[in-house]
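2 protein chains.
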Amino acid sequence: MIENFIKEMMEEAGKHYVEIQRNELANVFNCAPSQINYVLETRFTIDRGYIIESKRGGGGYIKIYKTSISNNWINKIIENIGDSISESKARYYVDALLDHNIITSREAAIIKAIVNDKILPFSQEDNNMLRAILFKAMLMEIARNK
Amino acid sequence: MIENFIKEMMEEAGKHYVEIQRNELANVFNCAPSQINYVLETRFTIDRGYIIESKRGGGGYIKIYKTSISNNWINKIIENIGDSISESKARYYVDALLDHNIITSREAAIIKAIVNDKILPFSQEDNNMLRAILFKAMLMEIARNK
DNA sequence: TACTTTGACTTTCTTTGACCTTCAAATATA
DNA sequence: TATATTTGAAGGTCAAAGAAAGTCAAAGTA
Numbered sequence: 028m029i030e031n032f033i034k035e036m037m038e039e040a041g042k043h044y045v046e047i048q049r050n051e052l053a054n055v056f057n058c059a060p061s062q063i064n065y066v067l068e069t070r071f072t073i074d075r076g077y078i079i080e081s082k083r084g085g086g087g088y089i090k091i092y093k094t095s096i097s098n099n100w101i102n103k104i105i106e107n108i109g110d111s112i113s114e115s116k117a118r119y120y121v122d123a124l125l126d127h128n129i130i131t132s133r134e135a136a137i138i139k140a141i142v143n144d145k146i147l148p149f150s151q152e153d154n155n156m157l158r159a160i161l162f163k164a165m166l167m168e169i170a171r172n173k
Numbered sequence: 028m029i030e031n032f033i034k035e036m037m038e039e040a041g042k043h044y045v046e047i048q049r050n051e052l053a054n055v056f057n058c059a060p061s062q063i064n065y066v067l068e069t070r071f072t073i074d075r076g077y078i079i080e081s082k083r084g085g086g087g088y089i090k091i092y093k094t095s096i097s098n099n100w101i102n103k104i105i106e107n108i109g110d111s112i113s114e115s116k117a118r119y120y121v122d123a124l125l126d127h128n129i130i131t132s133r134e135a136a137i138i139k140a141i142v143n144d145k146i147l148p149f150s151q152e153d154n155n156m157l158r159a160i161l162f163k164a165m166l167m168e169i170a171r172n173k
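Going line by line, the protein sequences match chains A and B.
Heads up: the first sequence begins at 28 in our numbering, then just goes up one per residue.
Heads up: the second sequence begins at 28 in our numbering, then just goes up one per residue.
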């Protein structure tokens, strides 16, 4: 919910960044302030194409920047994958690609189908390795066809 | 009963997917939560045209996606694939789908990346089997996201 | 014999709160 | 006036508790 709220804020502002107040936002969602940090740390990571900048003290703030994407970013993801990746982590990246409009929702669905643990027929460990191969192959194709 | 309940939920929602909470549903049917897993594993399998996606932890969920049976042509292809398919035959189908504007050229490229023999790491025979699994999963997704 | 049901235990992800650090403005001191 | 100190307002950290879902083997049922 908080993740979407922030993304909508950005969308509505028509900007590539937003500025929030941690306590204020925590208040809106009636949660602990540190919950905001949790959301930022798990959903607005560099991996997902966001950069956070903040300042403490009176007049403090948190700024969230949506980085402009490039093939470089996809290559970073490919690097990060290495030779093994879990389903949830792969899904995490796919959502990021969708978020940045690098892929369509149908493409996301196709990729998620391949990355789905239930369709891969081997052991957990082997599936993770196979998934890395498959996912990287698709990402490379996307980078090429950008 | 649980199987039908979920199918009716889908029907009523008029959507190609439903989202459930495992504990909640177990509560409705007064059964062990793991019973829900059992039903999902035996009744909502890939073979039967379903894909499951879930997340643990607070705010966790289980999403059940259904392949639409409406796209007869794709289903015919899926049937024809069976348990094993060569790269060239798969490419042939992909080109046909592209030719009929059922998929975009980028989708075709993504699918071809997966179907490529060079990226699959097993023996010819095993690759053909794995390719059948992967290709069918993607086709199901396309049929569903028509 | 094959299919279901159950429950104890595990894993993953989220939420919370106590305590910490930083900063700017206000106030005190030389 | 110039520097030092205090204060309150932010945001940061981390570990413990909580909330879901997953697994698996044993027991039950047809």
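All residues carry an ideal CB built from backbone N, CA and C; glycine is no exception.
1) Mark LYS42/B as exposed unless 16 or more other C-beta atoms lie within 10 angstroms of its C-beta, in which case mark it buried.
2) So what does DSSP say about LYS145/B, is it helix, strand or coil?
3) Could you tell me which residues DSSP pairs with LYS47/A in its beta bridges?
4) Kindly indicate if chain B contains any beta-carbon less than 8 Å away from that of SER67/A.
5) From ILE146/A to ILE105/B, what does the alpha carbon distance come to, in whole angstroms?
6) Show which residues of chain A have a CB atom less than 9 Å away from the CB atom of GLU134/B.
7) In the DSSP assignment, the alpha helix (DSSP H) including LYS34/B goes from what residue to what residue?
8) So the alpha helix (DSSP H) SER115/A belongs to, where does it begin and stop?
9) Can you confirm whether MET37/B, when its beta carbon is compared against all beta carbons of chain A, has any partner nearer than 8 Å?
10) By how many angstroms is the C-alpha of ASN99/B removed from the C-alpha of LEU166/B?
11) Thinking C-alpha only, which one of ASP122/B, GLY87/B, ARG158/B and TYR92/B is nearest LEU67/B?
12) Let me see if you follow: with CB-CB separation under 8 Å, is ALA170/B close to chain A or not?
13) How about ALA164/B: is its C-beta nearer than 8 Å to some C-beta of chain A?
14) Compare the C-beta of ILE101/B with all C-beta atoms of chain A and state if any pair is closer than 8 Å.
15) Among residues of its own chain, excluding the 5 on either side of ALA159/A, which ones have a beta-carbon nearer than 7 Å to its beta-carbon?
16) Please list, in chain order, the chain B residues whose beta carbon lies closer than 9 Å to that of ASN128/A.
17) ALA140/A versus chain B: which residues are under 8 Å apart at the beta carbon?
18) Starting from ILE129/A and walking both ways along the beta strand (DSSP E), at which residues does that stretch end?
19) Using 8 Å as the Cβ pair cut-off and three pairs as the minimum, do the stretch 77–93 of chain B and the stretch 36–55 of chain B touch?
20) What does a CB cutoff of less than 7 Å around PRO60/B pick up in its chain, not counting 5 residues either side in sequence?
21) Nearest CA to the CA of GLY85/B: which residue from GLY84/A, TYR65/A, GLU80/A and THR94/A?
22) Given a cut-off of 8 Å on the beta-carbon distance, is the pair TYR120/A and THR94/A in contact?
23) Hey, could you find the ends of the beta strand (DSSP E) ILE79/B is sitting in?
24) Taking only three categories from DSSP, how would you classify ALA59/A?
25) I need the straight-line Cα distance from ASP144/A to GLU38/A, nearest angstrom please.
26) Within the same chain, show all residues whose beta-carbon is closer than 7 Å to that of GLU30/A, passing over the 5 residues directly before and after it, in chain order.
27) Where do the ends of the alpha helix (DSSP H) carrying ASN154/A lie?
28) Between ARG83/B and ASP74/B, what straight-line distance do the alpha-carbon atoms span, to the nearest angstrom?
29) List the residues of chain B that LYS34/A touches, going by C-beta distances under 7 Å, in chain order.
30) Cβ of ILE104/B less than 8 Å from any chain A Cβ?
31) When the Cα atoms are used, what is the spatial distance from ASN172/B to ILE101/A?
Taking the coordinates as given:
1) exposed
2) Looking at LYS145/B - three-state DSSP - the assignment turns out to be coil, as it is neither helix nor strand.
3) Sequence inspection shows Ile at residue 47/A; the Lys mentioned does not correspond to that position. ILE47/A is bridged to ILE89/A.
4) One detail in the question is off: residue 67/A reads as Leu in this sequence, not Ser. The beta carbon of LEU67/A does not come within 8 Å of any beta carbon belonging to chain B, so the residue lies off that interface.
5) 15 Å
6) Those within 9 Å of GLU134/B in chain A are THR131, ARG133, GLU134 and ILE137.
7) 29–40
8) 114–126
9) no
10) 12 Å
11) TYR92/B
12) By this cut-off, ALA170/B is not an interface position.
13) Yes, its Cβ sits closer than 8 Å to a Cβ of chain A.
14) No, its Cβ sits nowhere closer than 8 Å to a Cβ of chain A.
15) ILE108, GLY109, ASP110, SER111 and ILE112
16) Chain B residues near ASN128/A: none, gap ~13 Å exceeds 9 Å.
17) ILE78, ALA164, MET165, MET167 and GLU168
18) That residue, ILE129/A, is in no beta strand (DSSP E); it is neither H nor E in DSSP.
19) yes
20) ARG49, ASN50 and ALA53
21) Closest by alpha carbon: TYR65/A.
22) Cβ distance not < 8 Å, so TYR120/A and THR94/A don't count as in contact.
23) 77–82
24) It is coil, neither helix nor strand.
25) 33 Å
26) VAL66 and ARG70
27) 151–171
28) Distance between the alpha carbons of ARG83/B and ASP74/B is about 24 Å.
29) Here the premise fails: no neighbours, minimum Cβ distance about 17 Å.
30) no
31) 25 Å
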